[in-house]
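Start counting the sequence shown at 1; every next residue gets the next number (the UniProt record's numbering).
First the structure, in the form of structure tokens, and then the observations on it.
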Amino acid sequence: DHQTILRAWAVKDFAPNCPLYVQILKPENKFHIKFADHVVCEEEFKYAMLALNCICPATSTLITLLVHTSRGHTAPWEAFRQLTGTKQTLNRESQQSPEQWQKMYGRCSGNEVYHINLEESTFFAEYEGKSFTYASFHAHKKFGVCLIGVRKEDNKNILLNPGPRYIMSSTDICFYINITKEENSAFKKQEKHRKNHESKLSYHGASRLPVHSIIASMGTVAIDLQDTGCRSGATLALPAEGGKEGRRPSIAPVLEVADSSSLHTCDLLSDQSEDETTPSDDEASAGLEYAKGYPPYSPYIGSSPTFCHLLHEKVPFCCLRLDKGCQHNYYEDAKAYGFKNKLIIVAAETAGNGLYNFIVPLRAYYRPKKELNPIVLLLDNPPDMHFLDAICWFPMVYYMVGSIDNLDDLLRCGVTFAANMVVVDKESTMSAEEDYMADAKTIVNVQTLFRLFSSLSIITELTHPANMRFMQFRAKDCYSLALSKLEKKEREKGSNLAFMFRLPFAAGRVFSISMLDTLLYQSFVKDYMISITRLLLGLDTTPGSGFLCSMKITEEDLWIRTYARLYQKLCSSTGDIPIGVYRTESQKLTTSESQISISVEEWEDTKDTKEQFSCRGNHRNSTSSDQSDHPLLRRKSMQWARRLSRRAPRHSAKTAEKISQQRMNLYRRSERQELAELVKNRMKHLGLSPAGYDEMNDHQNTLSYILINPSPDTRLELNDIVYLIRPDPLTYVPNAGPSRKDSFCNTVGQDTREETQL
């Protein structure tokens, strides 16, 4: 950073008018180059991405795909089927793959963020004077583009999803997600041809108008439900039936201009203002009456002020230590605290200033306080006092001195109660003698975690993206081998995202800061990309701008069926704008696993001649041949069990069944059971109850991937996670009067200006 700062000063001194694009590592050095036109601080972006990965899965992959430009070829897209002959630039990655998920994932990865003036746009010009949500929904329904934000002509601040009360103006700059920018699409030519054709026609009633013109002139066409028998969900609730008998219920229309009486809140997509009500007795007894305000202390100069959940009084430093009791409490492990929500554990070498940006997005005011996860910092070195001064005002933030390569430290910090484990790359390993060996220790430690705690969601930062192929490594996994060959082919074709089909990256379980190098390059053409990325990550907050969150599709929500219907439901109820889907599918059994998995019946059917030969041979040869033929079988135990069964008297079928069961147990004792026994024994030795540790779901048999701005007819599936940009609850609250909105807006704007001046 010191050299970068000096170079930036030299350029500014020699050519004061030359635009400067600067990328630095540490956030505390930002104020030295605040004169630069565009600045990317790696640690700020890194920790904010890792934090959002814990509550919005694969946020790092979502941002990485948005800031990359995918090479493409001209091919039709289903979303543009309404316009005959329309061709769009599609991402060419994996288009020849036999895997359906790779085709969908590769196609949607070509989406990027673009901008255009509303009055010059074919996509958005007709929505002048209409609400933002109305414009976003209809533009997606008609053209397949996702309008995510706007900027006033006389204002530098970008507003992500300003909500249904925002009225579109002709001078607004619109920011949208699409496969290609509007200027390069065929819509421009077709729109001109359509207007010339329509101008020659006289009006003869609605029947003579084009269908898409009729749709655009209406508030919206209510989408009828096909299944009227599905039950009312507790989340995306079924709308009430119409007045006429026999008419099927429909989703509420998206209004051209917001009406406060029609804006309601779904239960799952709950209004953030629910926390403003009187707290319950349980919350009062647990001390959950958090305040909302700006953190009184920041560990470095240049951090953006963020409205957060804070404690009324700062916590004494002794109470921040998770594993040490003090005069205020006697807790010495995570379970003793009795947290209602699962933990988020961050394993880092030191508590640098950048780690502050991991905590702030998870304690932002728009996160419901009942959903706040306790944060545990597992640090190799004790934190400095100034860092403790910064975090002592946040609720449920603790630290512990330890390492991830020590099982006892992991158990004490509550790994068995954790929802996510974030492993940050260590600075001391970045300067390895062999370049790609810098990640060796991190990869091996994460592999150990993966084997010991298979249900734990582990998010890892690596120095080199090429090393992600070793994450959750299995030597005889033919599926990963096939993906490796696909990666080589994509690299040979010139793809700058050749690693995107690696399962850890697609699932958002691995991240490298070098993936964001293109963010600085893109800002040369799109000067708004850094601002939009910071808003999405919660690094910056602008009054009236929305925030990134997610919702999960449950069985009660499947009545919505398609992405287009979900778009309408969200826009008409809560004002949320969906931008993508995170999908998890069960992975088929690989060839290697099917070869290794040999059943007991097959073992019992082994020929007697082979058994006799193996018994007559010398012990060493027989043992080595057995291990080479069947590496997962315990041959000695099976031979002993077989001999025991032959010698035992065969008087009853019950005895034979019991012996057979014993043989099965000996045979099926797996490595997973041995690891579970090891962990439970260590927990008992440390005085911890092993009840919190059980063999939960295994991530090895699932694959996850992102669909950015999928086509409107994409079917929703169970457990899909939808990325949403939700309106700012301080400026837009469903069922709230204008007086409250105005008071909140004025207060926040005034506080932000004062903080900026300070």
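Glycine included, every Cβ here is placed at the ideal spot set by N, Cα and C.
Because the structure is a prediction, the values reported are computed rather than measured.
About 19 Å separates the CB atoms of residue 723 and residue 528; that is not less than 8 Å, and the two are not in contact. Annotation: the continuous alpha helix (DSSP H) that includes residue 7 extends over 2-14.
As DSSP reads the structure, residue 461 sits in a beta bridge with 511.
Classified as exposed, residue 444 has fewer than 16 neighbouring CB atoms from the shown chains inside 10 Å of its CB.
Bounds of the alpha helix (DSSP H) holding residue 506 are 503-506.
Listed in chain order, the non-local C-beta contacts of residue 322 below 7 Å within the same chain comprise 334, 376, 398, 399, 400, 413, local neighbours out to five positions each way being set aside.
One thing to note: residue 48 has its Cβ within 8 Å of the Cβ of residue 537.
Per DSSP, residue 22 lies in no alpha helix (DSSP H); the unbroken beta strand (DSSP E) holding it starts and ends at 21-24. When 39, 497, 302 are compared, the shortest CA-CA separation from residue 31 is found for 302. When the five nearest sequence neighbours on each side are left out, the beta carbons in the same chain lying within less than 6 Å of the beta carbon of residue 331 are those of 337, in order along the chain. According to the DSSP assignment, residue 394 belongs to no alpha helix (DSSP H), since it is labelled neither H nor E.
Straight-line spacing of the CA atoms in residue 379 and residue 352 works out to 10 Å. Around the beta carbon of residue 257, fewer than 16 other beta carbons sit within 10 angstroms, so the residue counts as exposed. Secondary structure of residue 585 (DSSP, three-state): strand.
Per DSSP, reduced to three states, the secondary structure at residue 367 is coil, with no helix or strand assignment. For residue 549, the pairing in a beta bridge is given by DSSP as 724. With a cut-off of 8 Å on Cβ pairs, the region 120-139 is in contact with the region 154-171, counting three or more such pairs. Looking only at 132, 523, 706, the smallest Cα-Cα distance to residue 580 is reached by 706. Apart from sequence neighbours up to five positions away, the residues of its chain that approach residue 20 with a beta-carbon distance below 8 Å are 8, 11, 12, 33, 35, 36, 37, 38, ordered along the chain.
No residue range can be given for residue 130, since it is assigned to no alpha helix (DSSP H) and is classified by DSSP as neither H nor E.
For residue 321, the pairing in a beta bridge is given by DSSP as 399. Residue 61 places its beta carbon 8 Å or farther from that of residue 358. For residue 690, the CB contacts under 7 Å within the same chain, skipping 5 residues up- and downstream, are 680, 683, 684 in chain order. Taking a contact as a CB-CB distance under 8 Å, the pair residue 584 and residue 702 counts as one, their CB atoms being some 5 Å apart. Taking a 10 Å sphere around the C-beta of residue 514, we find fewer than 16 other C-beta atoms and assign the residue as exposed. With respect to the 8 Å criterion, residue 296 and residue 393 are classified as neighbours on the basis of their beta carbons.
Proximity to residue 575 across 475, 558, 355, 547 peaks at 547, based on C-alpha coordinates. About 5 Å separates the CB atoms of residue 347 and residue 404; that is less than 8 Å, so the two are in contact.
Per DSSP, reduced to three states, the secondary structure at residue 251 is coil, with no helix or strand assignment. For residue 175, the enclosing beta strand (DSSP E) stretches over residues 173-178. Going by beta carbons, residue 148 and residue 176 fall inside the 8 Å limit. By the C-beta density criterion, residue 453 is buried, having at least 16 other C-beta atoms within 10 angstroms. In the DSSP assignment, no residue is bridged to residue 164. Counted as a single uninterrupted DSSP element, the stretch harbouring residue 562 is not any alpha helix (DSSP H), since DSSP gives it neither H nor E. Within the DSSP bridge table, the entry for residue 112 names 178 as partners.
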